[in-house]
Every structure is written in C-alpha cells, then in structure tokens.
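For the sequence shown, the residue numbers in the numbering used here are 38 to 416. Backbone N, C-alpha and C fix where the C-beta goes; we use that ideal spot for every residue, glycine too.
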Amino acid sequence: MLLTGGCEAVPYTETEPGLPLPGLTDAEVESFASGQALFNRPFTPDEGLGPLFNQDRCSSCHDLPTSGGHGAEPVTKVSRFDPIEGCSTLADAGGDLLQQVVIESARALGLGPERVPEGATAIADMRAPAVFGLGLVAEISEEEILSRADPDDIDGDGISGRPNLNEDGRAGRFGRKAQHTTLGGFIEEAIRLEMGITTPGHPLEESVNGQALPDGADTVAEPELDDETLALLVDYIRFLAPPARLLPDDPVARADVEEGENVFRFMGCDGCHTPFFTTAASGSSALDRKRFRLYSDLLLHDMGPELANTCTPGTTPSEWKTARLVGLGHRAEFLHDGRAQSLSEAIMLHGGEAAASRDVFRRLNEEARSQLIAFLLSL
Numbered sequence: 038m039l040l041t042g043g044c045e046a047v048p049y050t051e052t053e054p055g056l057p058l059p060g061l062t063d064a065e066v067e068s069f070a071s072g073q074a075l076f077n078r079p080f081t082p083d084e085g086l087g088p089l090f091n092q093d094r095c096s097s098c099h100d101l102p103t104s105g106g107h108g109a110e111p112v113t114k115v116s117r118f119d120p121i122e123g124c125s126t127l128a129d130a131g132g133d134l135l136q137q138v139v140i141e142s143a144r145a146l147g148l149g150p151e152r153v154p155e156g157a158t159a160i161a162d163m164r165a166p167a168v169f170g171l172g173l174v175a176e177i178s179e180e181e182i183l184s185r186a187d188p189d190d191i192d193g194d195g196i197s198g199r200p201n202l203n204e205d206g207r208a209g210r211f212g213r214k215a216q217h218t219t220l221g222g223f224i225e226e227a228i229r230l231e232m233g234i235t236t237p238g239h240p241l242e243e244s245v246n247g248q249a250l251p252d253g254a255d256t257v258a259e260p261e262l263d264d265e266t267l268a269l270l271v272d273y274i275r276f277l278a279p280p281a282r283l284l285p286d287d288p289v290a291r292a293d294v295e296e297g298e299n300v301f302r303f304m305g306c307d308g309c310h311t312p313f314f315t316t317a318a319s320g321s322s323a324l325d326r327k328r329f330r331l332y333s334d335l336l337l338h339d340m341g342p343e344l345a346n347t348c349t350p351g352t353t354p355s356e357w358k359t360a361r362l363v364g365l366g367h368r369a370e371f372l373h374d375g376r377a378q379s380l381s382e383a384i385m386l387h388g389g390e391a392a393a394s395r396d397v398f399r400r401l402n403e404e405a406r407s408q409l410i411a412f413l414l415s416l
C-alpha cells in the first residue's frame with residue numbers, strides 16, 4: 038500500500054501476517070527466529086510455569102491468523118472502581134488477572150483456581166489483541182503522541198483524548214488502557230501473570246487471591262526466566278511486522294473500499310483512529326523513520342457506559358486506549374471482550390466521545406454502511 042506524499046509515493050511498512058519487518062540485519066533475523074521459537078513453545082513446571090497460570094505458551098493467546106495474532110481464548114480480569122478513591126487492581130486479593138490453571142504438584146497441596154475477589158466492581162472476559170507491529174509503535178516519539186491529546190476538548194470537536202502518564206510523566210502506549218510505557222514491560226507482565234513465570238524485575242511468585250503459596254508449591258529457583266530469554270521474546274515482537282491490507286482484486290469491490298474510507302472520514306472516525314504514524318530515528322534501520330498504518334492515536338477516550346467495565350490505576354472503567362484497527366479483516370469477533378460478532382454491532386456500542394460518529398452511522402444508508410464495513414475489513 039502506498040501513500041502519496043509530495044511528488045513521491047511512500048510505502049507503508051507491512052507484510053503478510055507473522056513475518057518479520059523488512060530490512061532486518063542478520064543478527065536481528067536470528068533474534069527474531071529465536072524469540073519466535075520461544076513464543077510458540079510450551080513451558081513446563083520444571084522451567085517455572087505456574088504454580089498457577091492461564092496458558093503454557095505465548096502463542097496460545099496470540100495465534101490468529103498466525104503466531105503473533107489475536108486470540109480467541111478469554112482471560113478474566115477484575116477491578117474495583119470508586120469515584121472518589123479511583124481504581125484498584127485488587128493487589129491485596131491477588132491482582133486483576135485471575136489465574137485458572139493449577140500445576141499438578143500445587144493442586145496436591147490444596148491450591149485451586151483463583152476466584153473473583155470480594156470487592157470487585159467489574160469482571161470482564163478479555164480477548165488478547167494481536168502484537169503485530171508493536172516494535173514500530175515503540176518507536177513513535179513521545180511528542181508525536183502528546184501532540185494529539187486534547188484532554189479539555191479545546192477545539193470543541195467532542196473528542197478529549199488524553200495520554201495515560203506514568204509516575205515519570207511518560208505516555209503509555211501498550212495495553213488496553215495504555216498502562217505500559219515500554220514494550221519490554223508489557224511483555225514481561227504477560228509472561229509473569231499469564232504463565233506464572235518470575236523474571237529478574239519481579240522475582241517473587243504471585244499470591245493466590247492474596248494468600249501466600251504453601252511450601253513446596255513452587256520448587257524452581259527465582260527468577261525463573263533470565264534476562265537473555267526475556268530479551269529474545271521482546272525482540273521477536275519488536276521485529277514482527279504489521280499485516281498488509283486485504284484489498285480485493287475486483288475493481289468494483291475495490292471502489293467500495295475506497296468509498297468506505299471516505300465514509301470513515303465523514304463519520305469523524307479518524308479523530309481517534311489516526312490512520313498512520315512515522316517512527317522516530319532508531320538504531321535499527323528496519324525501525325528507523327518508517328511510515329506504518331495504525332488507526333489509533335494511542336490515547337485514552339471515554340467510550341460511554343455500554344463499554345465500561347474494568348479499570349487500571351489512573352483510568353476510569355469507561356476509558357480505553359483507541360483500539361488499533363489494522364488487522365480487522367482477520368477477526369471474527371470485536372471489541373476488547375469479543376462481545377460484538379460484527380463490526381456494525383461494535384460501532385453501535387460506541388458511546389461517550391464516539392457517540393457522534395455512532396449516530397452518523399445510524400443515519401447512513403445501506404450502501405454507505407456496506408462500503409464502510411468493506412473498508413474496515415480491508416485494514
């Protein structure tokens with residue numbers, strides 16, 4: 038796919054799903070391949086899996102349409118929100134991600150799956166998003182993200198996106214609530230919480246609903262994953278390319294896709310779903326000043342009560358990072374919890390800052406709706 042810029046056509050960085058970025062060095066290709074093998078293989082209790090976990094390999098949650106894609110296996114997240122006290126991830130009760138599988142030796146000691154803790158005000162079965170192209174997202178400059186924020190809606194367009202800033206003032210860009218500022222931190226947390234494998238940054242096993250593990254439940258020395266192995270997993274995702282568009286060959290169908298893009302802009306969807314970014318200068322030539330499609334501004338937006346459920350510190354239940362639309366054509370269910378079985382249903386559930394766009398969609402004729410859906414499925 039080409040973007041006309043000035044007198045030249047600038048290609049987007051993208052490939053078939055699951056392939057590495059173009060232009061990697063031999064050393065980067067080797068790291069990608071080694072990390073991919075780790076991503077796709079099961080870990081065992083002897084390597085630190087558990088004592089409680091959800092899946093034994095990364096690709097169990099990221100396998101559609103191929104390794105690195107989205108997942109159909111839900112995980113249960115919980116939280117508590119109070120309008121005055123804000124959001125709690127229920128750390129004292131075991132945290133916001135419930136671990137449902139128990140290794141045999143721990144089950145023999147009486148451990149069972151985690152339960153929804155008392156005090157939770159929200160429970161959600163979340164679907165894992167694809168991790169294609171996240172290395173490019175990591176290379177977007179902080180200034181580029183912040184330039185799109187308008188928390189007080191100064192321009193009066195009804196959109197008040199804001200960054201999720203960490204304690205150092207850096208903008209988050211990974212996770213459904215943009216709660217992670219770095220790709221490494223995002224991946225490390227998934228390994229630790231989803232697979233129960235400790236890391237050098239977090240060498241202590243998670244509690245079970247807030248209760249300490251009984252003696253003998255975990256016999257592997259901490260940390261169970263070393264820095265080198267973690268770095269290979271990060272490199273795999275760092276060098277995983279975004280998926281190419283699914284453009285039809287038929288001229289009439291392609292014309293519908295092109296008209297659907299006009300409908301997308303007419304509805305104002307690009308006010309949050311920013312079509313593309315260009316990375317900043319990078320030490321890797323494959324990531325250096327690359328233009329790529331994203332269809333997200335990486336900011337938090339209030340999506341209204343229909344989509345409100347869990348929260349993270351500093352966010353409300355109805356705030357979500359703008360979902361990336363790239364790869365929609367590979368999905369069969371939509372939204373963070375997979376509740377929508379069609380894109381039309383997903384659009385109709387948009388509220389809050391997206392209510393105006395949703396209302397325009399309601400008024401579209403059948404042809405315009407079909408063209409919009411054709412465009413979205415081409416992404």
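Rounded distance between the beta-carbons of residue j and residue i, thought under 8 Å
i       : j       : result
Gly-195 : Ala-393 : 6 Å
Gly-233 : Leu-386 : That belief does not hold up - the Cβ atoms of Gly-233 and Leu-386 are roughly 33 Å apart, past 8 Å.
Gly-105 : Gly-60  : With a Cβ gap of about 18 Å, Gly-105 and Gly-60 do not count as contacting.
Leu-269 : Ser-71  : 5 Å
Thr-62  : Pro-279 : Actually they are not in contact, since the Cβ atoms of Thr-62 and Pro-279 sit about 20 Å apart, beyond 8 Å.
Arg-229 : Thr-218 : Their Cβ separation, rounded to whole angstroms, is 17 Å, which puts Arg-229 and Thr-218 out of contact at 8 Å.
C-alpha gap between residue i and residue j, whole angstroms
i       : j       : result
Leu-262 : Asn-299 : 48 Å
Ser-322 : Cys-98  : 30 Å
Leu-39  : Ala-249 : With a pLDDT of 45 at Leu-39, under the threshold of 50, the predicted position of this residue should be treated as unreliable, and no value is reported.
Gly-352 : Ala-345 : According to the sequence provided, residue 352 is Thr. The question's Gly does not apply to it. Rounded to whole angstroms, Thr-352 to Ala-345 spans 11 Å at the Cα level.
Leu-148 : Thr-81  : 18 Å
Ser-313 : Gly-132 : In the sequence under discussion, the amino acid at residue 313 is Phe, which differs from the Ser named in the question. Approximately 35 Å, taken between the alpha carbons.
Phe-371 : Leu-135 : 22 Å
Thr-126 : Asp-287 : 49 Å
Pro-79  : Ala-227 : 15 Å
Gly-156 : Val-289 : 55 Å
Glu-122 : Ser-355 : 16 Å
Gly-305 : Glu-404 : 18 Å
Glu-45  : Phe-276 : Reliability fails at Glu-45, whose pLDDT of 49 lies under 50, so the model's placement of it is uncertain and the value that follows must be treated cautiously. The straight-line gap from Cα to Cα measures roughly 26 Å.
Glu-181 : Glu-390 : 21 Å
Arg-164 : Phe-329 : 24 Å
Arg-406 : Phe-398 : 7 Å
Phe-169 : Pro-48  : 18 Å
Ala-411 : Thr-103 : 22 Å
Ser-96  : Ala-167 : 10 Å
Ile-417 : Gln-378 : Here the chain comprises residues numbered 38 to 416, so residue 417 is not present and cannot be evaluated.
Leu-220 : Arg-199 : 20 Å
Glu-67  : Asn-77  : 16 Å
Ser-244 : Ala-208 : 29 Å
Asp-252 : Glu-242 : 12 Å
Pro-154 : Leu-146 : 21 Å
Asp-264 : Gly-222 : 12 Å
Arg-302 : Pro-120 : 35 Å
Glu-382 : Ala-109 : 18 Å
Leu-101 : Phe-211 : 19 Å
Own chain partners of residue i with C-beta closer than 8 Å, once the 5 adjacent residues on each side are dropped
i       : result
Gly-43  : Caution applies to Gly-43, whose pLDDT of 40 falls short of 50 and renders its modelled position unreliable; the value that the coordinates give is listed next. Here the set comprises nothing.
Trp-357 : Arg-213, Lys-214, Leu-337, His-338, Met-340, Leu-344, His-373
Cut-off 7 Å between Cβ atoms - residues of its own chain near residue i, not counting five sequence neighbours on either side
i       : result
Gln-408 : Asp-293, Glu-296, Gly-297, Val-300
His-310 : Tyr-332, Ser-333, Thr-359, Leu-362
Gly-238 : Glu-225
Asn-91  : Val-112, Gln-136, Gln-137, Val-138, Glu-231
Asp-129 : Gly-247
Gly-308 : Asp-194, Ile-196
Ser-415 : Arg-282, Leu-283, Leu-284, Val-294, Gly-366
Arg-152 : Asn-246
Arg-368 : His-107
Residues sharing a beta bridge with residue i, DSSP
i       : result
Lys-358 : Leu-337
Ala-377 : Phe-371
Pro-280 : Thr-52
Thr-236 : His-239
Val-245 : Gln-248
Ala-208 : Leu-202
His-217 : Phe-211
Leu-101 : His-107
Leu-89  : Val-139
Pro-59  : For Pro-59, which the question treats as bridged, DSSP gives no partner whatsoever.
Neighbourhood of residue i by C-beta distance below 6 Å, restricted to the same chain and skipping five residues each side
i       : result
Leu-413 : Leu-365, Leu-380
Pro-285 : Arg-291
Ile-140 : Pro-82, Gly-87, Pro-88
Gln-73  : Tyr-273
Val-257 : Gly-85
Sequence ranges, beta strand (DSSP E) only - wholly within the segment 107–193, length at least 3: Complete beta strand (DSSP E) runs here, min 3: 112–119, 123–125, 159–163.
Segments of 3+ residues assigned as beta strand (DSSP E) that fall wholly inside the segment 257–337: Counting whole runs of 3 or more residues, the segment 257–337 contains the beta strand (DSSP E) stretches 313–315, 328–330.
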